[in-house]
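Residue numbers (my numbering): 14 to 877. Glycine residues also receive a C-beta, built at the ideal position from the N, C-alpha and C atoms. Here is the structure we will look at.
Right, here's the structure in full:
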């Protein structure tokens, strides 16, 4: 039973008082649909569904008075009618069906109301006077359901009368009520022993007697509140197909009781166990959402409640922790007994509207025992008074330490200045990278880096301001831990114990028109630190530092005077190492021009298809300006063709080979560089590096062969029959008939690279020749034709066919036999002469072989 759907929507159906006469007026049933929700609109659909195959025709005979779906506003009822038209030839009897209600709010859930249609027989055959009847006491309706208090039983008397002429037993079924919600009692008088009452599982009635079945409804106390309707089915023992229906309507009223308990009632603070446990139980039959608050009249404590709101199903209990903590610590007593602080825990209804009135929710109280302060605190206060006497002596020390230690620690200082390495390879611009670390950078204005030659001449200087260093990824702000005594003094004077520190790693000069490229040699670098214009420059703990000059109290020329400077003397730039070809190889030593899928032996061709692909690796490519790839192609005809590919190098990568080449550290690596190939032959490849100082570095590969295509016979046929399918042909020749001519046809792959021969004759044929007509000589014998294809490397394939001929010898005329005439019998003039049977003449085949007969351009000599 879908409780939520039944609580929200209800269907009331007018009961039938009689039957329907076949072919008569349609049966009409009034149906009332009600939406019990007070806030949500429902779109509902109603239809008829047969319960068995015998009642299936009812689904096509009904119609509704309103079109579906119907829209029901909150707390609205609508009425419609069900019309059933029964044809004249329909069989009399009881037919079962359900009226099904479905709403878009509940998805596939449906609400069913079982119904019965009684089809009456013709008037002369009416036999329904013996059917039982039953009713409910008290009667209920959908508009006025029985009001049922939660946990209270509801007795319903089902009154039944047996109208038949036989003793019958009746059974009551409640399929839509949940098990445990009801109890059926069948009081029955024993027919054999009058006056003896027993209880059985059915009600037995004599003809014309009336009896009662007691239906006791007892839903649990936590059963959800709402509207309920249940179909009651009465079945007869004698008539198995008879089912009488009735509907019971009742409403479970709302119970919103809540129970609250706080354990333990008293806690001592401070103590190891300071938390109260609050239990909230929903003793009603609706979902309750409540918030929990706690307070004391003096507002001495704050109360941490976890969770501070709960949603409770009927019968559910929630455990909530209430932890008090002092809010006004100065109100704690110094001595004496603990202070009693009473507080109240209250529940607030989250489902209640502001304008609605509701009964106050239950509350409970607890007590906090706030202990007095520890005795050692009183001694501490006395000690503090004694320490005040030392304040005068410490004042002088405070001023001296501030001027001698604290103030100097706040000035900017260069803590470290170094280079990333002592020697650098020569490169474009300035390859030197510097590291420095500055203490208290918020008190500095800028730093200057100056480069000097070995002779002391100034080469280039550049200033790094706040914006320069803020946008650089090489600088980062961190903290510096000075000496422990300095940290202690800084804390005593209200400064932070740790100081800020700006660390820059691997800084190089930014490109400018003044910058000069540093050639190999010895150099010096100087770092100068300039202070801010104001001694009280703004301090910041975040990067980038807002170094803003303060015009007031500025010291003259302080921004133009370096506070501190350091110089590095031993910086060396070494000449660049010459480039070197580390590796220069081809991905394969041989390739196949126009490769076939398989070789003549049926195996895959091991040689890849052109173009030739090269891999090379070059060490120290910084000074390489051009890559030259030259190659000489020697064809199988002996012709030599030279070619050259040139790739300019920009930013370390050859132009045009961006996808094939990459820089890996100090190496230029190129993979699968294609070399254009115009045909088979032998290729000699040379890689040449041209440097900026005019040097040329060369490396040559061993000859790479591009092999010609494999010889391949696509087809070879005799009179359009493939020789592989028919390797031997037989012909019978007759000297008195026309000569027999056979057609030899073939097709080969890549004919421009192949030598084609037809053996034994005519031998070699032009590559574009694809057929030959041959006239068979009138001789008996066997002859073979072989088609042989050879590429320039001598690789060859062949296919053969055998031609066998037989010459038929003509039969000689039969001899004529003349018989002498007999005496007395005339010789008939028209009688034919007698002949002997045809003799069989066997001619042995000639031992000579036939030669193919060519067309008009070529003829083969005949061998006789």
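Residue burial classification, residue i (beta-carbon count within 10 angstroms, cutoff 16)
i, result
"residue 706", "exposed"
"residue 326", "exposed"
"residue 767", "buried"
"residue 290", "exposed"
"residue 736", "buried"
"residue 27", "exposed"
"residue 690", "buried"
"residue 787", "buried"
"residue 830", "exposed"
"residue 696", "buried"
"residue 198", "exposed"
"residue 453", "buried"
"residue 403", "exposed"
Alpha-carbon spacing of residue i relative to residue j, whole angstroms
i, j, result
"residue 748", "residue 815", "22 Å"
"residue 32", "residue 40", "8 Å"
"residue 876", "residue 603", "A caution first: residue 876 carries a pLDDT of 34, below 50, which makes its placement in the model unreliable, though a value can still be read off. So the two alpha carbons sit approximately 48 Å from each other."
"residue 445", "residue 588", "14 Å"
"residue 298", "residue 51", "18 Å"
"residue 281", "residue 362", "30 Å"
"residue 640", "residue 719", "24 Å"
"residue 350", "residue 396", "25 Å"
"residue 577", "residue 390", "52 Å"
"residue 486", "residue 514", "16 Å"
"residue 186", "residue 77", "30 Å"
"residue 348", "residue 359", "32 Å"
"residue 194", "residue 178", "36 Å"
"residue 811", "residue 798", "10 Å"
"residue 230", "residue 180", "29 Å"
"residue 175", "residue 245", "18 Å"
"residue 534", "residue 661", "29 Å"
"residue 379", "residue 294", "18 Å"
"residue 91", "residue 153", "20 Å"
"residue 236", "residue 166", "13 Å"
"residue 227", "residue 243", "16 Å"
"residue 170", "residue 220", "20 Å"
"residue 223", "residue 373", "52 Å"
"residue 455", "residue 315", "44 Å"
"residue 541", "residue 426", "10 Å"
"residue 355", "residue 365", "28 Å"
"residue 469", "residue 715", "55 Å"
"residue 25", "residue 328", "32 Å"
"residue 249", "residue 127", "17 Å"
"residue 673", "residue 624", "15 Å"
Local conformation of residue i per DSSP, three classes
i, result
"residue 162", "coil"
"residue 280", "strand"
"residue 66", "coil"
"residue 26", "strand"
"residue 429", "strand"
"residue 356", "strand"
"residue 516", "strand"
"residue 118", "helix"
"residue 402", "helix"
"residue 726", "strand"
"residue 438", "strand"
"residue 344", "helix"
"residue 38", "coil"
"residue 372", "coil"
Residue i Cβ short of 7 Å to the ligand ADP heavy atom set
i, result
"residue 63", "The ligand ADP is not part of this structure, which contains no ligands at all."
CB contact below 8 Å: residue i versus chain C
i, result
"residue 643", "Considering every chain present, this structure includes no chain C. It has just one protein chain."
Next item on the list: Would you check if there are 3 or more beta carbon pairs closer than 8 Å linking the segment 329-338 to the segment 245-259?
Entry: no
Next item on the list: Evaluate contact between the segment 343-351 and the segment 316-323, counting only Cβ atoms and requiring at least three cross-stretch pairs below 8 Å.
Entry: Output reads no: the segment 316-323 does not touch the segment 343-351.
Next item on the list: Evaluate contact between the segment 717-733 and the segment 659-667, counting only Cβ atoms and requiring at least three cross-stretch pairs below 8 Å.
Entry: no
Notebook entry, point to check: Do three or more CB pairs link the segment 41-49 to the segment 143-154 at distances below 8 Å?
Noted result: Flag = no, the segment 41-49 and the segment 143-154 do not touch.
Margin query: Using 8 Å as the cut-off, can you tell me whether the segment 471-480 makes contact with the segment 592-601, which would need three or more C-beta pairs spanning the two stretches below that distance?
Written below: no
Item checked: Within the segment 610-669, ranges of the beta strand (DSSP E) (whole runs, at least 3 residues) -> 625-632, 637-647, 653-663
Next item on the list: Could you pull out every unbroken beta strand (DSSP E) segment of at least 3 residues lying fully inside the segment 746-814, listed in chain order?
Entry: The segment 746-814 contains these whole beta strand (DSSP E) runs: 753-761, 768-772, 776-778, 784-789, 794-803.
Check: Are the segment 677-689 and the segment 622-636 touching by the rule of at least three beta carbon pairs closer than 8 Å?
Finding: Judged by Cβ distances under 8 Å, the segment 677-689 makes contact with the segment 622-636, as three or more pairs qualify.
Margin query: Assess contact between the segment 642-659 and the segment 754-763, defined as three or more Cβ pairs (one per stretch) separated by less than 8 Å. Is contact present?
Written below: No, they do not touch.
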